[in-house]
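Everything on this sheet refers to the single structure shown next.
Residue numbers (mature numbering (1 follows the signal peptide of the UniProt record, and there is no 0)): -23 to -1, 1 to 300.
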């Protein structure tokens, strides 16, 4: 009887050890706070994976740059420090300009155009990521980007000399062409940067404006709808290939759902968050024609510069987009 109990206990222990060996936890960094719809979407994605794998793979989301700062996330996934992560796609524009196509001013300014651009961009991006040992899981756009300032802006000349928040090479070029002074500031640092006078203007989404409580440190939002940039969620290819086929399928299916859900979340976010800006005292206005003419001229210069830098990859995606 004692031997039987011992054998039974050993069987339970072995079963428990087997389950613990099979179960895995992935750390997944994202640069954005929990309140951001991108982060909410990632949390739901992680939940879908856990459910589909019956707990076999748990994705632990580390939000607001708590595990890795934004510029470090792609490198951390590439090196295998973490198996997956989210970042702003155009941050990789220094690796290849094709990564920054969705941040070119006035190339794609509606969701319909943004969807066509992503369809044209995706194969090129997949190939470039593959060279880095990465694989795209899904991409979700931000709402169209607006201009936040501490004063009314009626022309490009009104931007001259302003300390302008940037977060990638494309926006730095934009600031320089507008005569502003580019200053690198990540999302969690926006309130302090404005409050201390480190920056005086930025182009970003209504979502980021609300999450940063922009009304505490600036006064105007001009709805220029400059571009619709995307966040991308990637996985380290080696980490992905180590998973069994069923778990891989679960991740890919959850990713497809997250992409579709994220685009709808972004659409809903646009109008609702602009209303929140108004409700909290931000002056929301349509841009003057003079301002738009100046901004479009900057956009045209940047597109030509981009074509020269993007080479074959850029030409391929631009031709596909414009067909």
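Yeah, the Cβ is synthetic: ideal placement off N, Cα and C, and Gly gets one too.
All values derive from a computational prediction rather than experimental measurement.
Check	Outcome
Can you tell me which of the three DSSP states residue 36 falls into?	strand
Are the region 134 to 144 and the region 175 to 183 in contact at 8 angstroms, needing three or more beta carbon pairs?	yes
So the alpha helix (DSSP H) residue 175 belongs to, where does it begin and stop?	Residue 175 -> no alpha helix (DSSP H), and no H or E assigned at all.
Which value, in whole angstroms, describes the spacing of the CA atoms of residue 206 and residue 221?	33 angstroms
How is residue 292 classed by DSSP in three states: helix, strand or coil?	helix
In chain order, what are the residue ranges of uninterrupted alpha helix (DSSP H) at least 4 long that sit wholly in the region 64 to 97?	none
Tell me whether residue 159 sits in a helix, a strand or coil according to DSSP, three-state version.	strand
Let me make sure I understand the geometry here. Which of 256, 212, 297, 267 has the alpha-carbon closest to that of residue 53?	212
Are the region 266 to 278 and the region 38 to 57 touching, with three or more C-beta to C-beta distances below 8 angstroms?	no
Pop quiz: residue 183 and residue 123 are said to be a contact at Cβ under 8 angstroms. What is the actual Cβ separation, rounded to whole angstroms?	6 angstroms
Exposed or buried, residue 129, counting other C-beta atoms within 10 Å across all chains shown (16 or more means buried)?	exposed
Does the distance from the C-beta atom of residue 351 to that of residue 147 stay below 8 angstroms?	There is simply no residue 351 to check, as the chain begins at -23 and stops at 300 in what is shown.
From the DSSP output, read off the bridge partner residues of residue 4.	37
Excluding five sequence neighbours on each side, which residues of the same chain lie with their C-beta closer than 8 angstroms to the C-beta of residue 189?	164, 167, 168
For residue 283, which residues in the same chain have their Cβ closer than 7 angstroms to its Cβ, ignoring the five residues on either side in sequence?	74, 81, 291
What does residue 209 pair with, by DSSP beta-bridge criteria?	64, 116
Enumerated in chain order, which unbroken segments of the alpha helix (DSSP H) with a length of 4 residues or greater are wholly contained in the region 207 to 281?	214 to 218, 222 to 256
Near residue 229, what residues of its chain come up, given a Cβ to Cβ distance below 8 angstroms and the 5 sequence neighbours on each side ignored?	114
If we call anything under 8 angstroms between Cβ atoms a contact, is residue 195 one with residue 144?	no
Could you tell me the distance, in whole angstroms, from the CA atom of residue -3 to the CA atom of residue 58?	For residue -3, the predicted model reports a pLDDT of 44, less than 50, meaning its position is unreliable and no value from the coordinates is stated.
Apart from the five residues on each side of it in sequence, which residues of its chain come closer than 8 angstroms, Cβ to Cβ, to residue 32?	-1
From the DSSP output, in three-state form, read off residue 9 for me.	coil
According to DSSP, which residues form a beta bridge with residue 111?	213
Give me the residue from 42, 266, 16, 112 with the minimum Cα distance to residue 8.	42
Residues in the same chain with beta-carbon distance under 7 angstroms from residue 117, minus the five sequence neighbours each way, listed in chain order, please.	15, 18, 207, 208, 236, 239, 240, 243
Count the other CB atoms, across all protein chains shown, that sit within 10 Å of the CB of residue 266; report buried if there are 16 or more and exposed otherwise.	exposed
Using 10 angstroms around the beta-carbon of residue 226, count the other beta-carbons present and answer buried if the total reaches 16, otherwise exposed.	exposed
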